[in-house]
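Asks: Below you will find the structure I want to go over with you.
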Amino acid sequence: MSIAEEYYKAGQIASDVRRRICQAARPGMKVLDLCNTVEDEIRSRGAEPAFPCNVSIDEVAAHYTAEIDDSLTIKNGNVVKIDLGAHISGYLVDTAATVTFNPDYDGLVRATEEALNEAIKLARVDVRTGNLGEVISNTAARYGYRPITNLSGHSIESYRVHAGISIPNTWMGGTPSLKAGGVYAIEPFLTTEHGAGQVIDGPTREIYSLVGRKKTRDKSLDELLEHIWSSYRTLPFATRYLEGKMEKTELKQALTKLVTLKALRSYPSLIEANGRIVAQFEHTITLEEERTTVLTV
Ligand code: MN
Ligand code: MN
Numbered sequence: 006m007s008i009a010e011e012y013y014k015a016g017q018i019a020s021d022v023r024r025r026i027c028q029a030a031r032p033g034m035k036v037l038d039l040c041n042t043v044e045d046e047i048r049s050r051g052a053e054p055a056f057p058c059n060v061s062i063d064e065v066a067a068h069y070t071a072e073i074d075d076s077l078t079i080k081n082g083n084v085v086k087i088d089l090g091a092h093i094s095g096y097l098v099d100t101a102a103t104v105t106f107n108p109d110y111d112g113l114v115r116a117t118e119e120a121l122n123e124a125i126k127l128a129r130v131d132v133r134t135g136n137l138g139e140v141i142s143n144t145a146a147r148y149g150y151r152p153i154t155n156l157s158g159h160s161i162e163s164y165r166v167h168a169g170i171s172i173p174n175t176w177m178g179g180t181p182s183l184k185a186g187g188v189y190a191i192e193p194f195l196t197t198e199h200g201a202g203q204v205i206d207g208p209t210r211e212i213y214s215l216v217g218r219k220k221t222r223d224k225s226l227d228e229l230l231e232h233i234w235s236s237y238r239t240l241p242f243a244t245r246y247l248e249g250k251m252e253k254t255e256l257k258q259a260l261t262k263l264v265t266l267k268a269l270r271s272y273p274s275l276i277e278a279n280g281r282i283v284a285q286f287e288h289t290i291t292l293e294e295e296r297t298t299v300l301t302v
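Residue numbering for the sequence shown follows our numbering, starting at 6 and increasing by one per position.
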């Protein structure tokens, strides 16, 4: 059983862009410029961003993307997770890496990458997702680190980043097994020994996705929803993608209203509960009976 050719192409594009941005990232750079560069490079190679580029720094584990006019800058000493996705006609891949500008966390970053590699080595048809979690948490423990247990990898389907099956970052019983023809993102997040090993919601909400195309009885909200549907379908998008559609404050209010109406869902930034540093690596894989392919290698 093989998967759509578009997955392979999207995988090459995403890995190429990830490699380039990780080499280019430096203290002094704006997160907004990094996000724009990643998204532009995905487009220039013939794909579309599958979700807004996430640049999550230090104790922010995930789901931070630049806001409109964001002045946040990478600093010396930061541990920076860059998480990006590319899709072609809805066939999408998801990949991430961590760049550290603090040698104190080199070990954490190396252990996280190793945890991903160990999980990929184990991944084949009929292996339970809980066993991937087990190898991730064992690898973390071997180096004195902890997995973030309330973040997980996920199955991927056309136009669906999180398609229902979770790949935990710790052992869990009663989990489903990997299937031939399946596409899965594996993404260990590790923190230090004094971390809580959990994330909590942070203060910023810059990422949204469409839940349903309902009528709101407000013409400008209806138009915004139609624009979102025609541009992004159900894939996540950032507030800054809609820059110029409305004045900034008005746009933020409109998005908040649409969340209240359950036409959109929002994704808050996610922060390590004890405020400790987090590292992340992620690849998208696909499985055949006798073979595992890393699409974002
Ligand atoms: Mn990701
Ligand atoms: Mn993912």
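For glycine and all other residues, C-beta sits at the position ideal for the given N, C-alpha and C.
All of these numbers come straight from a predicted model, not from anything done at the bench.
Can you tell which of E44, E294, H288 and A15 has its C-alpha closest to the C-alpha of S160?
Replies: H288
Asks: Quick one: measure Cβ to Cβ for A120 and T144, integer angstroms, because I've assumed they're closer than 8 Å.
Replies: By a beta-carbon distance limit of 8 Å, A120 contacts T144. Their separation comes to about 4 Å.
Asks: Could you give the DSSP three-state label for T63: helix, strand or coil?
Replies: It should be pointed out that residue 63 corresponds to Asp in this sequence rather than to Thr. Correct three-state label for D63: coil.
Asks: Mark E64 as exposed unless 16 or more other C-beta atoms lie within 10 angstroms of its C-beta, in which case mark it buried.
Replies: Around the beta carbon of E64, 16 or more other beta carbons lie within 10 angstroms, which makes this residue buried.
Asks: Measuring only the C-alpha atoms, how far is S225 from A71?
Replies: 24 Å
Asks: Would the beta-carbon of A19 fall within 7 Å of that of T100?
Replies: yes
Asks: Which ranges does the alpha helix (DSSP H) cover as unbroken runs of at least 4 residues, wholly within the segment 94-174, from first to last along the chain?
Replies: 111-127 and 134-147
Asks: Could you check whether the Cβ of A101 sits closer than 6 Å to any heavy atom belonging to ligand 1?
Replies: Yes; taking the cut-off as 6 Å, the Cβ of A101 has a heavy atom of ligand 1 nearer than that.
Asks: Counting pairs of beta carbons, one from the segment 241-254 and one from the segment 137-155, are three or more of them closer than 8 Å?
Replies: Contact fails between the segment 241-254 and the segment 137-155, because fewer than three Cβ pairs, one in each stretch, are under 8 Å apart.
Asks: Determine the direct distance from the alpha carbon of S214 to that of T265, and round the result to whole angstroms.
Replies: 13 Å
Asks: Drop a sphere of 10 angstroms on the beta-carbon of R23, count the other beta-carbons inside from all chains shown, and report buried for 16 or more, exposed for fewer.
Replies: Counting C-beta atoms within 10 angstroms of its own C-beta, R23 has 16 or more neighbours from the protein chains shown and is therefore classed as buried.
Asks: Taking the straight line between their C-alpha atoms, what separation do you get for I125 and K184?
Replies: 14 Å
Asks: For I290, which three-state DSSP category applies?
Replies: strand
Asks: What did DSSP end up calling E277 once you bin it into helix, strand or coil?
Replies: strand
Asks: CB-CB under 6 Å to K219, same chain, minus the five flanking residues each way: which ones, in chain order?
Replies: A268
Asks: For E277 versus G207, is the C-beta distance shorter than 7 Å?
Replies: no
Asks: So, is A29 buried or exposed, given that buried needs 16 or more other C-beta atoms within 10 angstroms?
Replies: exposed
Asks: Within the same chain, show all residues whose beta-carbon is closer than 7 Å to that of G202, passing over the 5 residues directly before and after it, in chain order.
Replies: Correct list, in chain order: R151, P152, I153, T154 and T196.
Asks: Ignore the nearest five residues each way along the sequence and tell me which others in G135's own chain have a CB closer than 8 Å to its CB.
Replies: P173, W176, M177, G178, G179 and T180
Asks: Measure the C-alpha to C-alpha separation of T261 and C58 and round it to an integer number of angstroms.
Replies: 21 Å
Asks: How far does the beta strand (DSSP E) with G207 in it extend, from its first residue to its last?
Replies: V204 to L215
Asks: Using the C-alpha atoms, what's the distance from I282 back to D109?
Replies: 11 Å
Asks: Which residues bound the beta strand (DSSP E) around T196?
Replies: F194 to T196
Asks: Could you give the residue range of the alpha helix (DSSP H) that holds I282?
Replies: No alpha helix (DSSP H) contains I282, which DSSP labels as neither H nor E.
Asks: Quick one: is the Cβ of E162 within less than 6 Å of any heavy atom of ligand 1?
Replies: no
Asks: Would you check if the distance between the CB atom of I290 and the CB atom of Y189 is smaller than 7 Å?
Replies: Taking a C-beta distance under 7 Å as the contact criterion, I290 and Y189 qualify as a contact pair.
Asks: Quick test of your reading: Q285 and E228, contact by CB under 8 Å. State the CB separation rounded to the nearest angstrom.
Replies: Their Cβ separation, rounded to whole angstroms, is 37 Å, which puts Q285 and E228 out of contact at 8 Å.
Asks: Just the C-alpha distance for G82 and V60, rounded to the nearest angstrom, thanks.
Replies: 15 Å
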